[in-house]
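For the protein sequence lines, the chains are E and F, in the order given.
Position in the first sequence (from 1) plus 6 gives the number in this note's numbering.
Position in the second sequence (from 1) plus 12 gives the number in this note's numbering.
Worksheet: the structure to be examined is printed underneath.
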Amino acid sequence: MCRRQAVATVRLWYVLFGAAIFALATVTNAAHPVSTIVDDEITAALQARKINPAPRAGAAELLRRIYLDVLGRIPTASETADYLDDSHPDKHHRLIDQLLAHEEMPAYWRTVFDEWLNGGLLERDFGRDGFLDYLQDALQSNKPWNRLARELLVPDLRDEQQRRAAYFLAVRLRGSDNEAKIDSMTSGVAGAFFGVQLQCAKCHDHPFVEQWKQDHYYGLGAFLGRTQEARLGNTPVIKERADGEVKFVTTEQEEKTAKLLFLDDRVFDEPEPPEDRDQWYTKVAGGLPERPYFSRREVLADYALNADSRFFKRAMVNRMWKQIMGRGLVEPVDQMHEANPASHPQLLDRLADDFAANGFDLRRLMAGILHSETYLRSSRWDGGGDRPRDSDYATAILKPLTPDQLAMSIGMATGHYDSLRAKFEREKKNRKIAEVTPAIARAFYWRERDVQEFANRFRSSGDGFNANAGQALFLSYNSLMEKQLRPAQENLVDRLRQQSENALAVKEAFETVLSRRPTAEELERSVAFLAAASPPRTQLCQELVWALVCSGEFRFNH
Amino acid sequence: MDSTAAERLVRLLSTHQETLYRYVFALLPNEQDAKDVVQETCVALYRKLAEYDPERPFLPWAFRFAHLEVLKFLQNKKRTNIQRSKLRKSMTIRSKNSLCPSHEHGFSRRALLQGAVAGGTLFGGFGRLFANDNAALARGNDKRVILVFMSGGPSQFETWDPKPGQPTGGPHIAIPTSLPGVHFDEFMPNLSRLANRMITVRSMTSKVGDHDQGRYVAQTAYNPSTLVAPAPHWLSVCAHEKPAVADGVPSYVMLGKDNFGSLHVPGAGFLGARHQALHCPGDGAGPQDLPVPSPVAIEDFERREELRRSFSDTFAEGRPRRLVESHDGAFAQIGGLLRAGDLFDISQEPEKDFQRYGDSNLGRDCILARRLVERGVPFVRVQHQSGLAWDKHRRAFQSQRWITSEFDTAVGALIDDLIDRGLWSSTLLVLMGEFGRTPDIQGQGQPGRNHWTKCWSLSFGGCGLQEGLVVGATNQNGTDLQDRPVTIHDLFCTFYKTLDIDPHKDLEFENRPIPLVENKLGQPIEEVF
Chain E
7 MCRRQAVATV RLWYVLFGAA IFALATVTNA AHPVSTIVDD EITAALQARK INPAPRAGAA
67 ELLRRIYLDV LGRIPTASET ADYLDDSHPD KHHRLIDQLL AHEEMPAYWR TVFDEWLNGG
127 LLERDFGRDG FLDYLQDALQ SNKPWNRLAR ELLVPDLRDE QQRRAAYFLA VRLRGSDNEA
187 KIDSMTSGVA GAFFGVQLQC AKCHDHPFVE QWKQDHYYGL GAFLGRTQEA RLGNTPVIKE
247 RADGEVKFVT TEQEEKTAKL LFLDDRVFDE PEPPEDRDQW YTKVAGGLPE RPYFSRREVL
307 ADYALNADSR FFKRAMVNRM WKQIMGRGLV EPVDQMHEAN PASHPQLLDR LADDFAANGF
367 DLRRLMAGIL HSETYLRSSR WDGGGDRPRD SDYATAILKP LTPDQLAMSI GMATGHYDSL
427 RAKFEREKKN RKIAEVTPAI ARAFYWRERD VQEFANRFRS SGDGFNANAG QALFLSYNSL
487 MEKQLRPAQE NLVDRLRQQS ENALAVKEAF ETVLSRRPTA EELERSVAFL AAASPPRTQL
547 CQELVWALVC SGEFRFNH
Chain F
13 MDSTAAERLV RLLSTHQETL YRYVFALLPN EQDAKDVVQE TCVALYRKLA EYDPERPFLP
73 WAFRFAHLEV LKFLQNKKRT NIQRSKLRKS MTIRSKNSLC PSHEHGFSRR ALLQGAVAGG
133 TLFGGFGRLF ANDNAALARG NDKRVILVFM SGGPSQFETW DPKPGQPTGG PHIAIPTSLP
193 GVHFDEFMPN LSRLANRMIT VRSMTSKVGD HDQGRYVAQT AYNPSTLVAP APHWLSVCAH
253 EKPAVADGVP SYVMLGKDNF GSLHVPGAGF LGARHQALHC PGDGAGPQDL PVPSPVAIED
313 FERREELRRS FSDTFAEGRP RRLVESHDGA FAQIGGLLRA GDLFDISQEP EKDFQRYGDS
373 NLGRDCILAR RLVERGVPFV RVQHQSGLAW DKHRRAFQSQ RWITSEFDTA VGALIDDLID
433 RGLWSSTLLV LMGEFGRTPD IQGQGQPGRN HWTKCWSLSF GGCGLQEGLV VGATNQNGTD
493 LQDRPVTIHD LFCTFYKTLD IDPHKDLEFE NRPIPLVENK LGQPIEEVF
């Protein structure tokens, strides 16, 4: 009641004093209720802090931002030209919808989900391709998040499609150390579905978060501890035992058997096992693993992966928000507990409730955030005084390109991507595919060893942006980069060196790399650079492309 | 005694003679006495060779004899002249001729002569012998740090705080160090020998028993969940407070793979990328992809960098400075590295050093660390193996010896060289991991020790600090602290004070004061100054 009244008061307040920008936002976004929630809450908070947000970003900026956020790559030169020449005032909204329906979208977002779910894991090759395909199919069909999560936790192995989802737990069961397996499953499930990290509570009650006790860590572990790895043909899957307890030692050196305890303190009882041990397991046809008389994982899935579960709905909203906006409403995203409140608690709750009420529709959530005026703001702050904090969302947040986005986008800019796509085309027969669709080309390119290696040089397990000299050296001297700058097969450098008109060459370089036209000053400076007597023209063209690819503008999604 | 056994002894002694000599000299700081005792020790070793188990390391075994010989010598000296039998004399002459390569002798004799000339201080005597011109350059930066990080959490029982004979003690034995009454693990002969130059803390106590968070606290002085700003690595703080003096030389270099799975080394945090470590991949290699420096390389780089920078500058207007500067700073650093020439080229170091430091990644990284501090890099972090090498939950006693020996050989040689080259008095050397290991030996079949934060050990020294000090103690079986608890915060206060940085100074982030040490906690360990 109270909260509703407060919201109503806030609404009334800005209806009365509403900024022109907001009025514009409501007109254009009337169709998307999620965007309304976003702009509602963010604008109220900005007004409370007396901050005037930055204006909407320019066309070229939005073009590049939307491509990077939805497809994980920069636009091609022709996509850029099409968009910049389009005079429709709502073209960015149309672009968002068009790209959300683009066939490359699931091919990109599967890597995002894989990173969320399995990012820190090692040695995950076996079964990974199947898992990525599973994610891609799920995103293609816009499978609701609660169903997707359920399939990850308790996959129905009779369904061959779903079977591939078992990888999520199976990959955590590799190695010989039983305790490490339970740890890996527990932290994986806690982080992916509930946005919490409980590792601290493993050895003792959490030192800084009163909410988390050892009982919670091992309680979640108890739901998972009976899970074991199995294999069906070439697919890693999981099975569950009918017995086995998770035990732990408290700081008082007392040995405890973990209860089936969820994060919200709900405890589950387990039925007594049948006296006849032969009834502990039920056979399943088709060579599938036997089923235990009681599945602990199913209890967890039934209870925790649904609309009533506060942890579950908030965790995904927060991750999605961070992916698109550049900063979680709760930071870090796996520390969603009482001691670490959201920057906009009401926004998080409203988005989470909306997400749950609308069938955990991932694409609806994405679209809602993307269409919001908050998302469309400029990343430039000309408002005078200090730049507002990122958590105010008064400007767009600068997002460093993720390693995958960077490797892909540099490949697009230099023409390396095109040359490999031509190679895939030639190898169609060997690769047993009828047609190299954009989605298939994306997946193949991402899987190339060189591209993986390229991306890996930019991976760091820490959060936040830490440019280092090692990466700068890589972009300047490593053969994986130099190769892309060598003129070949109509790639960018080749086209530039054949273009005798320097001004046209510079324009082409800017449109291809930065997805915009050069300013007059940039044009003049770059033309002068190309006009130098030495070194040879090819080298000058390479250096121009290098300078654009290595500029701050390229490195960030802005 | 068959001839192959004698040959084996000859080999072992020729490999370890210098170390043996240094050990004895540490206990008996007089050239002639030390030489006599080494001779006696050689005789004793020759006689008892049949008892030597070649599966075990030679030096700890030899040190036990050397230790006994030193005690015997001191007793004899008290009573009367030393008597030597003819047999022993002939034996020692023979062993001297055949066992000790001339250059080793040359080394120790010259070293000691130099010491005598320098005024016969106990140990400083070794110094300056090999000091080269670069050492003078390094002295321009008044203080340096080399942090050797033992990732995974080394066991205090198998390093600096052995408890032999206790139920918690494990199968290793303890050997005497150069400090009377103080024993270290048998696989640390060099660090035992050098105990009288170091400070050993046996009463570290901390709270976080998770690797990632533990090493975060142990390298930033901040608990991860209490952050108001992303905390920088303490060496990034040092680089911020006391940057390199020499032009183009990085202030902070990190040797060895920096991450392993989800574990990582804290970066520069809110200080920004300018104060971040320059990474080298390990095994003594310089930064990846750095071309051979040449005037053409510098010219090419500067031309294109100027253009790149101009594009970046346009973009930076109105955008968050920290991020764009971080990006541009990384490119600017390349210019410095190209101009710094052969800074990272350890192939120019003497061949025999590679033997002394051990044939290991760590050994080569320690040589590179030495080269870097000699050439003006003030702060170097060396990663001992990637990730979790010291994390011995299982099979601890099958594998502990190898990692400890490798560590001891490389770090021992590094300390020797820092002393010999006159850098010891201005270089803080820190040897530590993120926490210790349980007194209980757990697991079935192939036991090990789990994470333990209540009481653990580490060691540091140099930089004008007290030498040969043991701080704090654990109880008889190592299950609890007995004396003088030292917290992580105390430790950082001590390090910062050593470097003349006020440990409770505030830095600024987003207009908020951020103290160097979390909540201004902790006090320097006063007795080490």
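Note that beta-carbon positions come from the ideal geometry of N, C-alpha and C, so glycine has one too.
In this text, all values refer to a predicted model and were calculated from it rather than measured experimentally.
Using a CB distance below 8 Å, the part of the segment 176 to 193 of chain E facing chain F consists of 183, ordered along the chain. The three-state reading of DSSP puts residue 558 of chain E in helix, counting H, G and I together. Close partners of residue 387 of chain E in chain F (Cβ separation under 7 Å): 330.
Residue ranges of uninterrupted alpha helix (DSSP H) with 4 or more members are absent from the segment 247 to 283 of chain E; none lies entirely inside it.
Non-local C-beta neighbours of residue 180 of chain F in its own chain, meaning closer than 6 Å and more than five positions away in sequence, comprise 451, 489, 490, ordered along the chain.
Here residue 290 of chain E is exposed: its Cβ has fewer than 16 other Cβ atoms, across all protein chains shown, within 10 Å. In the three-state reduction of the DSSP assignment, residue 508 of chain E falls in the helix class, which pools H, G and I.
By DSSP's assignment, residue 292 of chain F forms a beta bridge with F:267.
The secondary-structure analysis by DSSP pairs residue 212 of chain F across a beta bridge with F:471, F:482.
If you draw a 10 Å sphere on the C-beta of residue 416 of chain F, you find 16 or more other C-beta atoms in it, and that means buried.
Each of F:306, F:39, F:279 was checked against the Cα of residue 480 of chain F, and the nearest Cα belongs to F:39. Using a Cβ-Cβ cut-off of 8 Å, residue 301 of chain F is close to 476, 479, 480, 482, 483, 484 of chain E, given in chain order. When rounded, the separation of the alpha-carbon atoms in residue 47 of chain F and residue 33 of chain F is 7 Å. Residue-level contact by beta carbon fails for residue 261 of chain E and chain F, as no gap is shorter than 8 Å. Proximity of residue 537 of chain E to chain F, defined by a Cβ-Cβ separation below 8 Å, is not satisfied. Spanning the alpha carbons of residue 496 of chain F and residue 421 of chain F requires a straight line of approximately 30 Å. Beyond the five residues adjoining it in sequence on each side, residue 458 of chain F comes within less than 6 Å, by CB distance, of 406, 407 in the same chain, given in chain order. Around the beta carbon of residue 531 of chain F, fewer than 16 other beta carbons lie within 10 angstroms, which makes this residue exposed. Going by C-alpha positions, residue 187 of chain F is about 7 Å away from residue 72 of chain F. For the segment 284 to 308 of chain F, residues whose beta-carbon sits nearer than 7 Å to a beta-carbon of chain E comprise 285, 288, 290, 291, 299, 300, 301, 302, 303. Within chain F, no residue has its CB atom less than 9 Å from the CB of residue 349 of chain E, the nearest being about 14 Å off. Between the segment 345 to 363 of chain E and the segment 291 to 308 of chain E there are fewer than three inter-stretch CB-CB distances shorter than 8 Å, so the stretches are not counted as touching. Within the DSSP bridge table, the entry for residue 235 of chain E names E:244 as partners.
In its chain, beyond the 5 residues on either side, 221, 224, 225, 227, 228, 231, 251, 252, 253, 254 have a beta carbon closer than 8 Å to the beta carbon of residue 264 of chain E. Using a CB distance cut-off of 8 Å, residue 346 of chain F counts as an interface residue toward chain E.
Contacts with chain F at 8 Å (Cβ-Cβ) include residue 557 of chain E. The Cβ atoms of residue 112 of chain E and residue 158 of chain E lie no closer than 8 Å to each other.
Within the same chain, and ignoring the five residues on either side of residue 164 of chain F in sequence, the residues whose Cβ sits closer than 6 Å to its Cβ are 400, 401, 402, 403. Cβ neighbours of residue 485 of chain F within its own chain (closer than 7 Å, five residues either side excluded): 214, 215, 494, 495.
Residue-level contact by beta carbon fails for residue 530 of chain E and chain F, as no gap is shorter than 8 Å.
Around the CB of residue 485 of chain E, fewer than 16 other CB atoms lie within 10 Å, so the residue is classed as exposed. Beta-bridge pairing by DSSP links residue 94 of chain E to no other residue. In summary, residue 363 of chain E is exposed, with fewer than 16 beta-carbon neighbours lying within 10 Å of its beta-carbon over all protein chains present.
By a beta-carbon distance limit of 8 Å, residue 138 of chain E contacts residue 120 of chain E. Their separation comes to about 6 Å. Annotated as proximal: residue 475 of chain F and residue 510 of chain F, with beta-carbon spacing under 8 Å. For residue 53 of chain F, no chain E residue has a Cβ inside 9 Å of its Cβ, as the nearest lies near 45 Å away.
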